[in-house]
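Numbering (full-length UniProt numbering), first residue to last: 1 to 413.
Every residue, glycine too, gets a C-beta built ideally from N, C-alpha and C.
None of the values given here were measured: they were computed from a predicted structure.
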């Protein structure tokens, strides 16, 4: 008579309770693997919840080729993840949690109530019912001399000996929510190839605004403009003047090439089109009309509707003699040069670039230097603009790492 097997199921540790870590936990628990998830914060999903303030943009509805292109030079590494779990699969997964979605006018996808909390609550309920054990206020400290995980808990430091480990600790932005990049040091000590963490989807500083720009226009939105870098086609959108420079969605969309230009040359000059709906010849024609006794400010307002922060920027960034030449002034309005000298601090950025290089992991997202240790989410070296692309790749990489862990554990026996 055959004796029943007494072998225990594999046990894994997941470090980090963001979308990538939670998605891996779901995959692993569905495979019958015991999962303990550790997060240093008092509750999981802190950054996910904050990202949902003002509207939880979960993914984007644009066609796959355009969607994939948002990952720039990391397209070859991100493509396999999205083929397995892309925007459509993510939406279906959300629907299976009982949360409906809709597509906004910009193509962005949101839960119908626009909130992240109901989605997270439903997800955590399903994970706990599947047996996932979540340990909050448990911070990973690295490894001890035996290769065991060191965990700082409310009861003091303890060690954990899992059969496999997933690191899903986020990038280096928003440290108050747990993504502080402290994981870089223990990985570096173990010989893992890392790229420096840098701000992404971030604001930039100018050398210095005039006192007028700071006192009167800091915080002012720049609406209906276009911004271009180098010879690229200018992008339409809006941004905000700050006391130190400029930030907002239009700048975030260009943050990677702007940052790299600053890294290479010490500065980057973008060109602002203050009137993207008007061709330069029409602007020149309007400026050439007699203004009589009216001031140039009133002339700009009456002929072109140019006033407020746009007029102030034109004064700030254009030589005084340019205002006497309608042709030169028209060109300035259509391509106003703004020189940016550095990013705002990493901790202010929406996301970060850098981290664990893809060359350091195999196709299962397992570290080549540390068999049995996997990485997922924003701590991998990729970046994407806002619009749902960041979250989609975090979910997809978490799922891929979870499947990779299942396969590795099965092969290990």
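Query: Local conformation of residue 52 per DSSP, three classes; Result: coil
Query: Under 8 Å between C-beta atoms of residue 227 and residue 280; Result: no
Query: Boundaries (first-last residue) of the beta strand (DSSP E) holding residue 271; Result: 268-273
Query: Runs of alpha helix (DSSP H) lying entirely within the UniProt domain "RsdA/BaiN/AoA(So)-like insert" (198-351), each at least 4 residues, in chain order; Result: 249-253, 255-265, 280-287, 296-304, 308-317 and 326-334
Query: Inter-stretch contact at 8 Å, needing at least 3 Cβ pairs: the segment 52-60 / the segment 364-381; Result: no
Query: Residue environment, residue 370, which counts as buried when at least 16 other CB atoms sit within 10 Å; Result: buried
Query: Beta-carbon spacing of residue 60, residue 79 below 8 Å; Result: no
Query: Pairwise C-alpha distance: residue 235 and residue 41; Result: 38 Å
Query: Contact set for residue 240: own chain, Cβ-Cβ below 6 Å, skip 5 residues either direction; Result: 221, 247 and 248
Query: Cβ-based neighbour list, residue 288, same chain, cut-off 6 Å, excluding 5 preceding and 5 following; Result: 326
Query: For residue 9, the three-state DSSP class (helix, strand or coil); Result: coil
Query: Cα-Cα separation between residue 206 and residue 329, rounded to whole angstroms; Result: 22 Å
Query: Within 8 Å, strictly: CB atoms of residue 15 and residue 169; Result: yes
Query: Residue 313 beta carbon less than 8 Å from that of residue 336; Result: yes
Query: Residue range of the unbroken alpha helix (DSSP H) whose run includes residue 67; Result: 64-69
Query: Where the beta strand (DSSP E) containing residue 140 begins and where it ends; Result: 139-143
Query: Presumed contact (8 Å Cβ cut-off) between residue 194 and residue 356, rounded CB distance; Result: 6 Å
Query: Buried versus exposed call for residue 410 [16 or more other C-beta atoms within 10 Å across all chains shown]; Result: exposed
Query: Neighbourhood of residue 108 by C-beta distance below 7 Å, restricted to the same chain and skipping five residues each side; Result: 57, 60, 387 and 388
Query: Collapsed DSSP secondary structure at residue 110 in the structure displayed; Result: strand
Query: Cut-off 7 Å between Cβ atoms - residues of its own chain near residue 361, not counting five sequence neighbours on either side; Result: 367, 368 and 375
Query: Spatial neighbours of residue 115 in its chain, beta-carbon cut-off 8 Å, leaving aside the 5 residues before and after; Result: 52 and 56
Query: Straight-line gap, residue 407 to residue 130 (C-alpha atoms, nearest Å); Result: 19 Å
Query: Nearest neighbour of residue 267, chosen from 273, 274, 275 and 258 [CA to CA]; Result: 258
Query: Residue from 146, 323, 156 and 204 with nearest C-alpha to residue 139; Result: 156
Query: Residue 377 in three-state terms, based on DSSP; Result: helix
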